[in-house]
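Protein chains in written order, with our numbering: chain A, 3 to 335; chain B, 3 to 335. Just so it is clear, CB atoms sit at the ideal spot from N, CA and C, and this is done for glycine as well. All of these numbers come straight from a predicted model, not from anything done at the bench.
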DNA sequence: CTGTTAGCGCATTCAA
DNA sequence: TTGAATGCGCTAACAG
């Protein structure tokens, strides 16, 4: 591997001059610039990014920490982040925290140690205090899907309570009065907020909350199935089910269909997140939009703006969900 | 940020000694080791990974390049790779190539420049020659989803032709004789191989290949819908459709259901990849397994074995697909 | 406009 | 067992 030194020798200039042309420093005559460029080409020179980072204290890379690497939720988010950052010549180092406190912390420290210029974190298991302390570090950090008042200008998040409210209100407005709820794991803030919105809508329509019709799932398809089986076993009447995400809704609907129930004729459903797949199933799922890709993009823009002084755009912190009406809920006669 | 120098001063030892205890070098007396460890703890010392990489020429990180960051295919693969590597104390830098030659090359060079100890590549757009040349570099590289004879021991791949064969043979064995085919983009090797297996099965059953019943899609849901609409518009009889992946199959089935066709009563379907979601839709999709997560794991093991001299496991290069029979195809009377 | 000189934080000889 | 010295490849003052 050729080094900057080899280039300088071949070009007959000093080391510093080579560095200057690399960094587009204008104080180089066209003639010497060309000599250097030629030498670089001839040696197939590639700058050593590690050495650049060490010397400049800037790695041109930003660390991204998500809960999982797979799934319909984080994929689009990472895609947007990567695309936005790459378009600005920055690169992305991705790690997974697996919703586990130790792993999340370890990943954060890894990214910090790797000299990332900034971090974009989607973390669920670590405490608010930990994150607030983290912000006192010199590496700038943005948070996705999390709202912490003390550092609110670094948070990019969805109004999950509003989404939960919209989902349930839609069913209520269709005449449903006995509505089951398959929740995400309640240790997650977004799951709690969605549930809170659900209850708010019930109150608004003066419908009692039936705690028997509540099931705490895991946000995965299989727990939607499990939840549905549980609810059906109750022998307690209900005409609709709100699921805290589309994956659980899909699992729940599949279970209904297996048991010979029709959707939405026998049971109406609402999902949440508007992930791509359920558009292609039958019945098409009603859901709440979750502009996760836009939030990813916004986090990337935040970094571009605050860390790299690019992108003079306005950063929106709070995103608003909206209702998608398709074929999985019907109006009660 | 405390440096190794700060630690050495506080501990009253030399810089080299601190380095020794960090690297678990045994030639340090218990007493001084303890002094150093104490100093580290006191200063909350975290080694600078960048500096370590530069000095040791080893970054403890491996680069992973996939086509996309989202989707049901690459997600599980990345998850396995990350988990296997992290368990060994190694880290992962992920980039996306977007099935585009320039972007794939750029990403490869980025990962190389970042000082990755090894690369795991899932690339589609670059040529075999480029990859063969890449292998002459000093950074070890392993390929997923690609077979190149000259560097076969670095390839981890699926027998796609066999999978295509199994899919079509299943339908043929159920009595289908007019089988449409919705293909992946033919510039991708796996799409061509799956199609080749399809034709092989037809030959075996002495059934003519009807080129009118062929549609070249993109591997995305929407192209499954498009393909289905095209096939239906042909007014040419067929009783089954083989789709080159599950996503297109889902799109195609959705379109059929929309148009009032029943699956599998009116039309039988086969998918490919066995992605999670279609298990939760109705009808449950027949498909071909694609052990992408195992392939990801195997690639990680390859790196652990050949680069870090860990994991004395046997590396399997070729994976064999198998048939999953569920509810989307019926036997013809 | 260009060259010289110091580091960046750490690993690694080579002596002691 | 420990310390001093050197260098990894590059950037960034500071001179000239």
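What would DSSP say about residue i, mapped onto helix, strand or coil?
i: residue 3 of chain A; result: coil
i: residue 194 of chain A; result: helix
i: residue 73 of chain A; result: coil
i: residue 43 of chain A; result: helix
i: residue 228 of chain B; result: helix
i: residue 35 of chain A; result: helix
i: residue 90 of chain A; result: coil
i: residue 279 of chain B; result: helix
i: residue 11 of chain A; result: helix
i: residue 212 of chain A; result: coil
i: residue 30 of chain B; result: coil
i: residue 150 of chain A; result: coil
i: residue 1 of chain A; result: Residue 1 of chain A cannot be examined here, being either before or after the span of chain A that is shown, 3 to 335.
i: residue 202 of chain A; result: helix
i: residue 175 of chain B; result: helix
i: residue 168 of chain B; result: helix
i: residue 355 of chain B; result: This structure leaves residue 355 of chain B out entirely; chain B is present only between 3 and 335.
i: residue 78 of chain A; result: helix
i: residue 260 of chain B; result: helix
i: residue 236 of chain A; result: coil
i: residue 223 of chain B; result: helix
Look up residue i in the DSSP assignment and give the residues it is bridged to.
i: residue 245 of chain B; result: B/184
i: residue 320 of chain B; result: B/159
i: residue 217 of chain B; result: B/184
i: residue 272 of chain A; result: A/244
i: residue 2 of chain A; result: For chain A, the structure presents residues 3 to 335; residue 2 of chain A sits outside this window and is missing.
i: residue 98 of chain A; result: A/68
i: residue 145 of chain A; result: A/123, A/157
Which first and last residues belong to the beta strand (DSSP E) in which residue i is found?
i: residue 58 of chain B; result: No beta strand (DSSP E) holds residue 58 of chain B; the alpha helix (DSSP H) holding it covers 51-58.
i: residue 132 of chain B; result: Run containing residue 132 of chain B: none in the beta strand (DSSP E); it sits in the alpha helix (DSSP H), 130-136.
i: residue 65 of chain A; result: 63-68
i: residue 294 of chain A; result: From DSSP, residue 294 of chain A is part of no beta strand (DSSP E) but of the alpha helix (DSSP H) over 294-308.
i: residue 120 of chain B; result: 120-123
At a cut-off of 7 Å, would you count residue i as near the ligand SAH, judging by its Cβ distance to the nearest heavy atom?
i: residue 241 of chain B; result: As for the ligand SAH, it is missing from this structure, which has no ligand bound.
Go to residue i, then tell me how far its alpha helix (DSSP H) extends in each direction, as first and last residue.
i: residue 112 of chain A; result: 103-115
i: residue 334 of chain B; result: Per DSSP, residue 334 of chain B belongs to no alpha helix (DSSP H) and is neither H nor E.
i: residue 21 of chain B; result: 17-24
Practice problem: Mind the definition here: the region 236-253 of chain A touches the region 172-183 of chain A only if three or more C-beta pairs lie below 8 Å; say whether that holds. | Solution: Yes, the region 236-253 of chain A is in contact with the region 172-183 of chain A.
Quiz item: Just by C-beta distance, which residues in the region 38-66 of chain B are closer than 8 Å to chain A?
Solution: Residues of the region 38-66 of chain B with a Cβ closer than 8 Å to any Cβ of chain A, in chain order: 48, 49, 50, 51, 52, 53, 55, 56, 61, 63.
Self-check item: Proximal residues, the region 252-274 of chain B versus chain A, C-beta separation under 7 Å
Solution: Closer than 7 Å at the C-beta level to chain A, one finds these residues of the region 252-274 of chain B: 252, 253, 256, 259.
Quiz item: Looking at C-beta atoms only, is the number of pairs between the region 65-83 of chain A and the region 11-26 of chain B that lie closer than 8 Å three or more?
Solution: They do not touch, by the three-pair rule.
Quiz item: Are the region 151-169 of chain B and the region 222-240 of chain B in contact at 8 Å, needing three or more beta carbon pairs?
Solution: A contact between stretches requires three or more CB pairs, one per stretch, nearer than 8 Å, and the region 151-169 of chain B fails this requirement with the region 222-240 of chain B.
Exercise. Determine which residues of the region 102-115 of chain A have a Cβ less than 8 Å from any Cβ of chain B, and write them out in chain order.
Key: Cβ contacts with chain B: 111, 112, 114, 115.
Practice problem: Below 7 Å between beta carbons is the criterion; list the residues of the region 214-240 of chain B that meet it against any residue of chain A, in chain order. | Solution: Residues of the region 214-240 of chain B that bring their beta carbon within less than 7 Å of a beta carbon in chain A comprise 223, in sequence order.
Quiz item: Three or more C-beta pairs closer than 8 Å, one from the region 97-116 of chain A and one from the region 56-66 of chain A: is that the case here?
Solution: Yes, they touch.
Quiz item: How about the region 84-93 of chain B and the region 260-279 of chain B: do they share at least three Cβ pairs that are nearer than 8 Å?
Solution: Touching, no.
Quiz item: Taking one C-beta from the region 224-235 of chain B and one from the region 257-264 of chain B each time, how about it: are there three or more such pairs within less than 8 Å?
Solution: Contact between the region 224-235 of chain B and the region 257-264 of chain B is present: three or more C-beta pairs spanning the two stretches fall below 8 Å.
Quiz prompt | Residues, ordered as in the chain, of the region 114-130 of chain B that lie near chain A by beta-carbon distance below 8 Å | solution = Of all residues in the region 114-130 of chain B, 114, 115, 116, 117 have a Cβ within less than 8 Å of some Cβ in chain A.
Practice problem: Determine which residues of the region 67-87 of chain B have a Cβ less than 7 Å from any Cβ of chain A, and write them out in chain order. | Solution: Here the close residues are 70, 71, 72, 73, 77, 78, 80, 81, 84.
Quiz item: Does the region 313-325 of chain B come within contact of the region 288-303 of chain B, defined as at least 3 CB pairs closer than 8 Å?
Solution: As far as the Cβ criterion goes, the region 313-325 of chain B touches the region 288-303 of chain B, which means the pair count is three or higher.
Quiz item: Taking three-plus beta-carbon pairs below 8 Å as touching, is the region 202-222 of chain B in contact with the region 164-175 of chain B?
Solution: The region 202-222 of chain B makes contact with the region 164-175 of chain B; the number of CB pairs closer than 8 Å reaches 3 or more.
Quiz prompt | Sufficient close CB pairs (3 or more, under 8 Å) joining the region 20-34 of chain B to the region 206-217 of chain A | solution = Inter-segment contact for the region 20-34 of chain B and the region 206-217 of chain A is absent: fewer than three beta-carbon pairs are separated by less than 8 Å.
Exercise. Could you name the residues of the region 171-196 of chain B whose beta carbon sits closer than 8 Å to any beta carbon of chain A, in the order they occur along the chain?
Key: Going along the region 171-196 of chain B in chain order, one finds no residue with a Cβ nearer than 8 Å to chain A.
Quiz item: For the region 287-298 of chain B, which residues have a beta carbon sitting closer than 8 Å to at least one beta carbon of chain A?
Solution: For the region 287-298 of chain B, no residue has a beta-carbon sitting nearer than 8 Å to a beta-carbon of chain A.
Self-check item: chain B contacts from the region 138-152 of chain A (Cβ-Cβ distance under 7 Å)
Solution: Hits within the stretch: zero.
Quiz prompt | Within 9 Å of chain B by C-beta, residues of the region 3-14 of chain A in sequence order | solution = Flagged, chain order: 3.
Quiz item: Taking one C-beta from the region 306-314 of chain B and one from the region 186-194 of chain B each time, how about it: are there three or more such pairs within less than 8 Å?
Solution: Contact between the region 306-314 of chain B and the region 186-194 of chain B is absent: fewer than three C-beta pairs spanning the two stretches fall below 8 Å.
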